[in-house]
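Report on one structure; see the data block that follows.
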Amino acid sequence: MKKKKKNSSQAWIGIVVTIVCLVAIFFFIEPAQIWAALKEANYWYLLLTGLGLVLFLVIRAWRWRFMLENDVPTLPIFHVQNIGYLVNAYLPLRLGDMTQAVLIGNVPPVTIARGVSTVVMARIVDMTFMVILLLFTLTQVETMPEQVQSTTRIFGGLVTAAVVLLAAAANQRPFVRKRFTLILNWLTQVSHTAAQRLEQKITHAERPLLYKPVHLLFSTLSHLDTQAWIHRIDDFLMGLNSLTHLKSSLILITYTIFIWLPIIGAYYTGMLAVHLEPTIPMAAFAVCIAAFSVAAPSSPGQVGVFHAGVIFALYNILGQPEAQAASFAFLYHAVMMMVTTVMGIISLWATGATFRHVIDTTRNYLNKKEAKRKI
0 MKKKKKNSSQ AWIGIVVTIV CLVAIFFFIE PAQIWAALKE ANYWYLLLTG LGLVLFLVIR
60 AWRWRFMLEN DVPTLPIFHV QNIGYLVNAY LPLRLGDMTQ AVLIGNVPPV TIARGVSTVV
120 MARIVDMTFM VILLLFTLTQ VETMPEQVQS TTRIFGGLVT AAVVLLAAAA NQRPFVRKRF
180 TLILNWLTQV SHTAAQRLEQ KITHAERPLL YKPVHLLFST LSHLDTQAWI HRIDDFLMGL
240 NSLTHLKSSL ILITYTIFIW LPIIGAYYTG MLAVHLEPTI PMAAFAVCIA AFSVAAPSSP
300 GQVGVFHAGV IFALYNILGQ PEAQAASFAF LYHAVMMMVT TVMGIISLWA TGATFRHVID
360 TTRNYLNKKE AKRKI
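Just so we're aligned: the sequence shown equals residues 0 to 374 in numbering that gives the first Met the number 0.
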């Protein structure tokens, strides 16, 4: 029940964020201006935008097959991936990511744990590439504010350091298991002692406002299942195996570059459709900001947050006309949803699955996982 309430509250937060973003867009930009820009758009360019999105899906499936060490053919991976994107497009909280992991985990010899780790790894690699790409665009886009440049460099350095640390941890899994076991055991003991002392030294009448949340924190930490957490950490690091060897890392990087080139091209042609005068660095910068804006789980299809991120990049930072920036955001998102829907439906038909069955399978796994956690 608590889990359902938590998911429900998160979904409502995502919906509120979407509404706020859309209201802000139409508050600062006249809807009539956006409509005028949409009427003047050259929609033939959007065919190339759609082609770029399809190519993105194909290359992404190839990369996932590589991350799974070629244990599964490309076609099943392609269908699972498309179904996951379809779920993300119409349901909140990025449920489609877990859908991908659960469905691929039902294709022998892959396990769900391995599916989860590779999905997480793909997200990490993509976001790292976005940071590096953003750093590159800083040297190419002349209108970039100095404050944005300095903030991006700091953020890029932190992300790069985090990836290096993860790669080192994946390469030393026995050492990491041993250290985390010691840390978690120490944490549970200290938290248990702290919770007891709070109960003994502070009477009910003297308890301050922060007593309850602090006591709850210590009580929760004192009951951590160390072995379960070590198993989760080990599963996660197992999915990072591609980062532990130079050859594998180079192949993964190459795949990632080729994955995002069609998206940059799709943005470029989409901007041409609304009569902007884009450059490749300009399109790449918009891709990066859009990726960061939808990184956190929110509403279905990232409606609102995607539009706000793209408009912020093109209008507020790059100084492009606001009506064209907004019309591009709406057109590109519409094409993306169309491609996602068509490819997802094709993949459901090809696998003989239904949307309801896919959702039920994912939620059943999550419910079982939650039940085990409570035992």
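Where a beta carbon is used, it is the ideal one built from N, C-alpha and C, also for glycine.
- Here residue 49 has 334 and 338 as same chain residues with Cβ atoms under 6 Å from its own Cβ, once five neighbours each way along the sequence are excluded.
- Sixteen is the threshold: since fewer than 16 other Cβ atoms of the shown chains lie within 10 Å of the Cβ of residue 351, the residue is exposed.
- With a 10 Å radius around the Cβ and a threshold of 16 neighbouring Cβ atoms, residue 101 comes out buried.
- Look at residue 228 here: in three-state DSSP terms it is helix.
- The segment 109-128 makes contact with the segment 227-236: 3 or more CB pairs, one atom from each, lie closer than 8 Å.
- Apart from sequence neighbours up to five positions away, the residues of its chain that approach residue 319 with a beta-carbon distance below 7 Å are 275 and 313, ordered along the chain.
- A distance below 6 Å between beta-carbons, with the five flanking residues on each side excluded, links residue 103 to the following residues of its chain, in chain order: 79, 109 and 114.
- Spatial neighbours of residue 128 in its own chain (CB-CB distance under 7 Å, excluding positions within 5 residues in sequence) are listed in chain order as 255 and 259.
- A straight-line Cα-Cα distance of about 52 Å links residue 228 and residue 43.
- As the crow flies, the alpha-carbon of residue 323 is around 6 Å from that of residue 36.
- Nearest C-alpha to residue 178 among 225, 191, 344 and 281: 225.
- The criterion of a C-beta distance shorter than 7 Å is satisfied by residue 155 and residue 134.
- Under the three-state reduction of DSSP output, residue 320 falls in the coil class, being neither helix nor strand.
- The beta carbon of residue 301 sits closer than 7 Å to those of 293, all from its chain and outside the five residues before and after it, given in chain order.
- When the five nearest sequence neighbours on each side are left out, the beta carbons in the same chain lying within less than 7 Å of the beta carbon of residue 240 are those of 169, in order along the chain.
- Under the three-state reduction of DSSP, residue 72 is assigned to coil, being neither helix nor strand.
- Taken through DSSP and simplified to helix, strand or coil, residue 100 comes out as helix.
- Spatial neighbours of residue 269 in its own chain (CB-CB distance under 8 Å, excluding positions within 5 residues in sequence) are listed in chain order as 44, 45, 48, 327, 330, 331 and 334.
- At the C-beta level, residue 88 and residue 336 come within 7 Å of one another.
- Excluding the 5 residues flanking it on each side, residue 242 has same chain C-beta neighbours closer than 6 Å at 166, 169 and 248, in chain order.
- Here residue 43 carries a coil assignment [DSSP, helix/strand/coil].
- The beta carbon of residue 305 sits closer than 8 Å to those of 289, 292, 293, 328 and 332, all from its chain and outside the five residues before and after it, given in chain order.
- Straight-line spacing of the CA atoms in residue 148 and residue 82 works out to 37 Å.
- Contact check for residue 309 and residue 285: beta-carbon distance about 6 Å, within the 8 Å limit, so the pair qualifies.
- Assignment of residue 352 by DSSP, reduced to helix, strand and coil, places it in the coil class.
- Judged by DSSP in its simplified three-state form, residue 173 adopts helix.
- In terms of Cβ geometry, residue 40 and residue 273 form a close pair [threshold 7 Å].
- In the three-state reduction of the DSSP assignment, residue 152 falls in the helix class.
- Sequence-distant Cβ neighbours of residue 266 in its own chain, meaning closer than 6 Å and more than five residues away, are 282, 285 and 286.
- The C-beta distance from residue 51 to residue 261 rounds to 4 Å, short enough to meet the 8 Å contact threshold.
- Taken in chain order, the complete alpha helix (DSSP H) segments of 4 or more residues contained in the segment 255-292 are 279-292.
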